[in-house]
Amino acid sequence: MRFLVVCLVALISTTASAQTNFQGKAVYMSKTTMDMNFGGRQMSEEQKKRIAQRMKGFLEKTFVLNFNKTESSYKEEAQLSTPTAGGRGRFGAMMSSFSGGTKYKNTKENIVLEETEFFGKKFLIADEGKKPEWKLGSETKKIGNYTCFKATLVKEVDAFSFANFGRRGRRNNDDKKDEKPIEEKPKTIVVTAWYTPQIPVSQGPGEFWGLPGLILEINSGRTTVLCTEITLNPKEKVELKKPKKGKKVTREEYNKIVTKKMTEMREQFRGRGGRGRGRGRG
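Numbering that gives the first Met the number 0 puts the first residue of the sequence shown at 0, with every later residue one more than the last.
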């Protein structure tokens, strides 16, 4: 009897240790398509192709998610070189001004932190750790060797998503009444996620989490994020740490900072295009 008790205690300790030491690594490919209308400007197909090629480095990325039972760290995989969006113009300058960092989530403590850099200044964005209100579905599909279930979420559109930049048009001009009205951007969007209960962690790529299994695919507007590789309990463990670098701000405060800077840039480029060329002559 004593031997049985010792074996039972050892089994419980081993199981607890395995759960505590559990860690996984998931690689995701993110691809975004852009609205090439650019506010109704007349552009040839060749011009659109050149812009799309220049933007490829911004719209197609690889990310790595390291996770355990309660924490995760999501970061873009380092690239040898990052192509620029033509190296000039408002769009290229705007794209190169963003520099992503680590996105950390702790589902037990409801903590979501993101390190990012904007125009050379580092920020630490603290998001609300509120669990997303997913609607679980019964539809399933296979992703690799994993059976995944569908879930949907209604969320506000990210004003600074690459997928939405092409939707910005020129300012309305009363003198150009023949022009088509600028398409308004939707305020909300339906996000579709595919998660697998076979990996019972409430984690996922980027801002997405809160489902009873690891999220392997996200479809959000023009962006698709797909898991291409999973490693459970890798030999090399990664220490998951809360990011600490940068000025701590809320998501709302950060968006205001970016909006103000983008407005300043638009005014500068608009000035260079016409009236602004005479600036500085006295």
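Backbone N, C-alpha and C define an ideal beta-carbon position, used for all residues, glycine too.
Keep in mind the model is a prediction, meaning the values are calculated, not measured.
query	result
How would you label Gln-52, buried or exposed, when you count the other beta carbons within 10 angstroms and need 16 or more for buried?	exposed
What separation, rounded to the nearest whole angstrom, lies between the Cα atoms of Val-63 and Lys-255?	29 Å
Is the stretch 237 to 254 touching the stretch 98 to 113, taking contact as three or more C-beta pairs under 8 Å?	yes
For Ala-25, write down the residues that DSSP places opposite it in a beta bridge.	Leu-64 and Ile-229
When the Cα atoms are used, what is the spatial distance from Phe-268 to Thr-262?	10 Å
Evaluate Gly-136 with the Cβ neighbour count: other Cβ atoms within 10 Å of its Cβ, from every protein chain shown; 16 or more gives buried, anything less gives exposed.	exposed
Quick check: the Cα distance between Gly-205 and Val-237, rounded to an integer number of angstroms?	18 Å
How about Ser-201 and Thr-106: do their beta carbons lie closer than 9 Å?	yes
Closest Cβ-Cβ distance between Lys-24 and chain D: below 9 Å?	Looking at the structure shown, chain D is missing, and only one protein chain is on hand.
Name the DSSP beta bridge partners of Ile-214, please?	Tyr-194
Spatial neighbours of Thr-223 within its chain, please: CB distance less than 6 Å, with the 5 preceding and 5 following residues excluded, ordered by chain position.	Lys-30
Checking the sheet assignment: what are the DSSP bridge partners for Val-224?	Ser-29 and Ile-217
From Lys-186 to Met-54, what distance separates their C-alpha atoms?	25 Å
If you compare alpha carbons, which of Gln-22, Ile-124, Lys-102 and Gly-128 is closest to Asn-67?	Gln-22
How close, in whole Å, do the beta carbons of Thr-191 and Thr-151 come, if the pair is a contact with beta carbons under 8 Å?	6 Å
With respect to the beta strand (DSSP E) encompassing Val-248, which residues constitute its N-terminal and C-terminal limits?	246 to 249
Please list, in chain order, all residues of the same chain as Leu-215 whose beta carbon is under 7 Å from its beta carbon, the five residues on each side excluded.	Ile-142, Tyr-145, Cys-147, Trp-193, Tyr-194, Thr-195 and Cys-226
Rounded to a whole number of angstroms, what is the C-alpha to C-alpha distance between Tyr-27 and Ile-188?	22 Å
What is the DSSP secondary structure of Leu-58, reduced to helix, strand or coil?	helix
Note down the Cα distance separating Ile-198 from Gln-46, rounded to an integer number of angstroms.	45 Å
With Leu-123 as the anchor, note down where its beta strand (DSSP E) starts and where it stops.	120 to 126
Pull the bridge partners of Ala-77 from the DSSP assignment, please.	DSSP, once it has assigned bridges, lists no residue as partnering Ala-77.
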